[in-house]
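**Q** According to this note's numbering, the residues represented by the sequence shown are 17 to 318, in order.
Okay, here's the structure, questions in a sec.
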Amino acid sequence: MDVSGLQIFVEVVRQGSFAAVARNRNLDPSSVSRSIASLEAELGIGLFQRTTRQLSLTEAGATYFDRIEPLIEEIQQATNIATDVSGQPQGTLRVTASVSFGHKCIVPLLAEFQRLYPDLTIDLLLADTVVDLVVDRIDLAVRLGLLADSTLIAQQLMRTHYSVCASPDYLKRSSKIQYPRDLEHHNCLLFPLAGFRSRWIFKNRQGELSEIPIFGRTVISSAIALGQCAIAGMGIALLPNWLIAADLRSGNLVDVFPDYAVTATDFNTAAWLVYPSRAYVPLKVRILIEFLKKSISGSAEV
17 MDVSGLQIFV EVVRQGSFAA VARNRNLDPS SVSRSIASLE AELGIGLFQR
67 TTRQLSLTEA GATYFDRIEP LIEEIQQATN IATDVSGQPQ GTLRVTASVS
117 FGHKCIVPLL AEFQRLYPDL TIDLLLADTV VDLVVDRIDL AVRLGLLADS
167 TLIAQQLMRT HYSVCASPDY LKRSSKIQYP RDLEHHNCLL FPLAGFRSRW
217 IFKNRQGELS EIPIFGRTVI SSAIALGQCA IAGMGIALLP NWLIAADLRS
267 GNLVDVFPDY AVTATDFNTA AWLVYPSRAY VPLKVRILIE FLKKSISGSA
317 EV
């Protein structure tokens, strides 16, 4: 029996779509359909019920999936172990991160990583949605903020924190800003997530908290774009250290409240390396984890 066909079957069940599996594998959807049809013919049963709107397992298909899925996982694990015996990482690494973090922190490292490991292919998915690592066959994800409880394994990549920033030009031509409450008289550049666009939370050196309402005429869903707007003097922005460390060092941006910690959600935040829980973590994943830790961990310090 063709193992590749079994793997495609498992992926179709997880994705709920022939087209999604075709996109992930860079195949024509008809190829996925033929693979499933061939498996059904070999088994002599129908695995899926198909309508114009929905794809669902038959009773026989559900029973078959329950038994075959762990076997496919075992086969993949055996393949990884056998491949790693050579000591040279190879194959494809599927990685995901948010669009801004990926552009700022990961993309600049790809050339060096591929120089070090020429037998590895990087498949980088940049998305601001939470990608299902199992369904989308992701080897490693970088996630920001607080992690929801899950069966995934997480390692901290680096601590993160936020600063309220503006360009020197904006501060020179705008009304005086000395305390967080002065934000009431300034145009803030807003990020369209809960908290980020309505109020920011400040903590002084004594640990006292103050929640400051904010207002602004610009809302952008990209942290990189918000940083560019702040540098252009359009207003004041709440931005993460991994994005603005270099601009603070160069003077393109100024930390408006250096004596305060500030956040929109939680003061205890980090960037995390997340991967599916497996009995065996492939060498290619372990190597990428160590590479990212070494390359990124200290790069966001101002």
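Glycine included, every Cβ here is placed at the ideal spot set by N, Cα and C.
1) Just mark P86 as buried or exposed, buried being the case when its beta carbon has 16 or more other beta carbons within 10 Å.
2) What beta strand (DSSP E) runs, 3 residues minimum, are completely inside the stretch 230-281?
3) Just how far apart, CA to CA, sit L299 and F307?
4) In the DSSP assignment, find the unbroken beta strand (DSSP E) run with L142 in it and report its ends.
5) Is I260 closer than 8 Å to L254 when the C-beta atoms are compared?
6) Alpha carbons only, please: which of A143, I236 and R39 is nearest the one belonging to P208?
7) At which residues does the alpha helix (DSSP H) containing A286 begin and terminate?
8) Leaving aside the five residues before and after I312 along the sequence, list all residues of the same chain whose C-beta is less than 7 Å from its C-beta, in chain order.
9) Going by Cα to Cα distance, which pick from S20, L109 and T285 is closest to I91?
10) Where A164 and V290 are concerned, what is the direct C-alpha to C-alpha distance, given to the nearest angstrom?
11) Can you tell which of Q171, V115 and A98 has the C-alpha that lies nearest to the C-alpha of I305?
12) From I252 to P196, what distance separates their C-alpha atoms?
13) Candidates L162, N220, P105 and T74: which alpha carbon is nearest P134's?
14) Expressed to the nearest angstrom, what Euclidean distance is found between the alpha-carbon atoms of F231 and M250?
15) What does the Cβ neighbour count give for S191, buried or exposed, with the cut at 16 atoms within 10 Å?
16) Determine the extent of the beta strand (DSSP E) in which L162 is found, giving its start and end residues.
17) Our contact map puts N96 next to Y296 with C-beta atoms below 8 Å; I'd like the distance itself, whole angstroms only.
18) Just to confirm, is the Cβ distance from T137 to L109 under 8 Å?
19) Within 10 Å of its beta-carbon, does L149 have 16 or more other beta-carbons around it, so buried, or fewer, so exposed?
20) Buried or exposed for E27, going by 16 or more other Cβ atoms inside 10 Å?
21) Could you tell me if L132 is buried or exposed, where buried requires 16 or more neighbouring beta carbons within 10 angstroms of its beta carbon?
22) Give the straight-line distance between the Cα atoms of S238 and L125, rounded to the nearest whole angstrom.
23) Nearest by alpha-carbon distance to P274: which of S266, Y178 and G211 is it?
24) Excluding the five sequence neighbours on either side, which residues of its own chain have a C-beta within less than 8 Å of the C-beta of S72, listed in chain order?
25) Taking the continuous beta strand (DSSP E) assigned at T108, which residues delimit it?
26) So, using beta-carbon positions, are Q31 and V180 closer together than 8 Å?
27) Can you find the residues in the same chain that come closer than 7 Å, C-beta to C-beta, to K309, ignoring five residues on each side of it along the sequence?
28) Consult DSSP for Q389 and reduce its assignment to one of helix, strand or coil.
29) Strictly by DSSP, which residues pair up with S226?
30) Determine the burial state of A182: buried for a count of at least 16 other Cβ atoms within 10 Å of its Cβ, exposed for fewer.
31) Excluding the five sequence neighbours on either side, which residues of its own chain have a C-beta within less than 7 Å of the C-beta of Y276, listed in chain order?
**A** Reading it off the structure:
1) exposed
2) DSSP runs (the beta strand (DSSP E)) wholly in the stretch 230-281: 252-256 and 277-279.
3) 12 Å
4) Run containing L142: L136 to L142, per the beta strand (DSSP E) assignment.
5) No, these two residues do not count as a Cβ contact at 8 Å.
6) I236
7) No alpha helix (DSSP H) holds A286; the beta strand (DSSP E) holding it covers T285 to Y291.
8) Around I312: C121, L173 and M174.
9) S20
10) Distance between the alpha carbons of A164 and V290 is about 11 Å.
11) Q171
12) Taking the straight line from one Cα to the other gives about 12 Å.
13) P105
14) 13 Å
15) exposed
16) Run containing L162: none; DSSP gives neither H nor E here.
17) Right, their Cβ atoms sit about 6 Å apart.
18) yes
19) buried
20) buried
21) Burial is judged here by how many other beta carbons sit within 10 angstroms of a residue's own beta carbon; L132 has fewer than 16 and is exposed.
22) 21 Å
23) Y178
24) When the five nearest sequence neighbours on each side are left out, the beta carbons in the same chain lying within less than 8 Å of the beta carbon of S72 are those of F64 and Q65, in order along the chain.
25) G107 to A113
26) no
27) L173
28) Given a span of 17 to 318 for the chain in the structure shown, any question on residue 389 remains unanswerable.
29) F218
30) buried
31) P196, F218, K219 and N220
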